[in-house]
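Visitor:
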Amino acid sequence: MASNNALEFGHADRKEIYEYVERHGAVDPDETREHLGLDPSGFRHHVAILKRDGRIEAADGTLRVTIDAGAEEEYVSADLEFHIRPARQEDLTGIVGAIRRVVEEKTYIEAETVADEIDHEEALLRHNELQSRMFFVATVENDVVGWVHLHAPELEKLSHTAELTVGVLEDYRGHGVGSHLLSRGLEWAGSNGYEKVYQSVPSTNEEAIAFLEEHDWETEAIREDHYKLDGHYVDEVMMAVEL
């Protein structure tokens with residue numbers, strides 16, 4: 000996904016179908032065909048080719064973009080069982096809720112932007128000519144308790160880099176959830192051609208900085224007084240890891 004040169008469809012209607020599905024996350028096939036004004040046979044033909052080429056897939060009666068991100072994994076700590084898996088469109092509400100609960104601590108500004116963006120777009124995963132966006136979630140009894148998110152603009156000069164956010168609800172910290180999420184996100188990034196992953200946090204978020212340093216991230220730069228939290232200026236710590 001680090002390069003979108005492969006996003007060629009061979010037919011304008013096929014490209015239009017893909018873009019509609021990608022933009023909306025999960026769509027009803029009949030409603031999509033009617034909205035695009037395509038005849039039934041032509042629509043079925045193009046959808047079949049998109050499925051064959053691994054562009055889109057059918058799940059639970061809907062069409063959605065195909066993103067190969069591996070299987071669900073189960074982990075058991077001393078007193079917690081949790082699963083980590085690729086996110087799907089149906090997780091959008093749970094992810095937004097989890098992010099908003101974490102950012103209530105006022106220590107994760109970039110994550111708040113992510114929540115606003117996906118809540119506004121109402122599409123969780125993206126892969127188009129402008130950007131790629133991927134999520135993995137940690138769940139406990141099917142409830143989202145943590146996430147890792149990667150976002151990359153599709154610009155040639157930045158095609159080797161991706162921005163990451165990761166967070167876990169306070170009640171589920173201390174069980175390795177965050178470490179497993181971070182590992183899963185970086186594994187996906189490396190396998191998709193990204194060479195460097197970065198993120199920024201306020202200097203007051205000492206817990207996050209220590210967590211990233213424990214996983215071999217390094218501070219690349221500090222922007223003084225970049226944030227203003229509760230009336231106080233706070234430095235931005237810009238961190239990254241080479242894959």
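So for the sequence shown, numbering that gives the first Met the number 0 puts the first residue at 0; every next one is plus one.
C-beta atoms are modelled at their ideal positions from N, C-alpha and C, and glycine is treated no differently.
Treat the numbers as computed from the prediction; the structure is a model and nothing was measured.
Please identify the residue among Glu212, Asp229 and Val236 whose C-alpha is closest to the C-alpha of Leu222.
Guide: Note on residue identity: the sequence assigns Arg, not Leu, to residue 222. If we check each option's Cα against that of Arg222, Val236 comes out closest.
Visitor: Taking the C-alpha atoms as reference points, what is the distance between His214 and Lys227?
Guide: Rounded to the nearest angstrom, the two C-alpha atoms are 28 Å apart.
Visitor: Is any heavy atom in the ligand FAD found nearer than 6 Å to the beta carbon of His45?
Guide: Of ligands this structure carries none, so the ligand FAD is not represented either.
Visitor: Under 7 Å Cβ to Cβ from Ala239, same chain only, skipping five residues before and after it: list those, please.
Guide: Contacts found: Lys195, Val196, Tyr197, Trp216, Glu217 and Glu219.
Visitor: Quick one: complete beta strand (DSSP E) runs, 3+ long, within the region 123 to 178?
Guide: The region 123 to 178 contains these whole beta strand (DSSP E) runs: 130 to 139, 142 to 152 and 160 to 167.
Visitor: Assign Gly177 to one of two classes, buried (16 or more other C-beta atoms within 10 Å of its C-beta) or exposed (fewer than that).
Guide: By the 10 Å Cβ count, Gly177 comes out buried.
Visitor: In whole angstroms, what separates the C-alpha of Leu129 from that of Ala122?
Guide: Going from the Cα of Leu129 to the Cα of Ala122 covers about 15 Å.
Visitor: Can you name the start and end residues of the alpha helix (DSSP H) that Asp118 belongs to?
Guide: It spans Ile108 to Glu120 - the alpha helix (DSSP H) in which Asp118 sits, taken as one unbroken run.
Visitor: Please confirm whether Val233 and Ser182 have their CB atoms less than 7 Å apart.
Guide: Not closer than 7 Å, so no.
Visitor: What residue range does the beta strand (DSSP E) around Leu62 cover?
Guide: Its beta strand (DSSP E) spans residues Thr61 to Val64.
Visitor: Looking at C-alpha atoms only, which residue of Glu111, Ala25 and Gly145 is the closest neighbour of Gly60?
Guide: Of the candidates Glu111, Ala25 and Gly145, the one whose C-alpha sits nearest the C-alpha of Gly60 is Ala25.
Visitor: Could you check what DSSP says for Asp234 in three-state terms: helix, strand or coil?
Guide: If DSSP states are grouped into helix, strand and coil, Asp234 belongs with the strands.
Visitor: Starting from the Cα of Ile98, find the closest Cα among Ser131, Phe81 and Val136 and give me that residue.
Guide: That would be Val136, whose Cα lies nearest to the Cα of Ile98.
Visitor: Taking just the CA atoms, how far does Ala110 sit from Glu162?
Guide: Distance between the alpha carbons of Glu162 and Ala110 is about 11 Å.
Visitor: Check the C-beta distance from Phe81 over to Thr138 and give it rounded, since I have them as a contact under 8 Å.
Guide: That belief holds up - the Cβ atoms of Phe81 and Thr138 are roughly 7 Å apart, short of 8 Å.
Visitor: Determine the DSSP secondary structure at Leu79, reduced to helix, strand or coil.
Guide: Coil at Leu79, not helix or strand.
Visitor: What's the call for Ser158, buried or exposed, on a 16-neighbour Cβ count within 10 Å?
Guide: Buried: at least 16 other Cβ atoms inside 10 Å.
Visitor: With distance defined between alpha-carbon atoms, name the residue in Leu242, Glu21 and Asp12 nearest to Ser243.
Guide: Any property of residue 243 remains undetermined from this structure, which presents the chain solely from 0 to 242.
Visitor: Work out the CA separation of Gly93 and Leu185 for me, nearest whole Å.
Guide: Taking the straight line from one Cα to the other gives about 22 Å.
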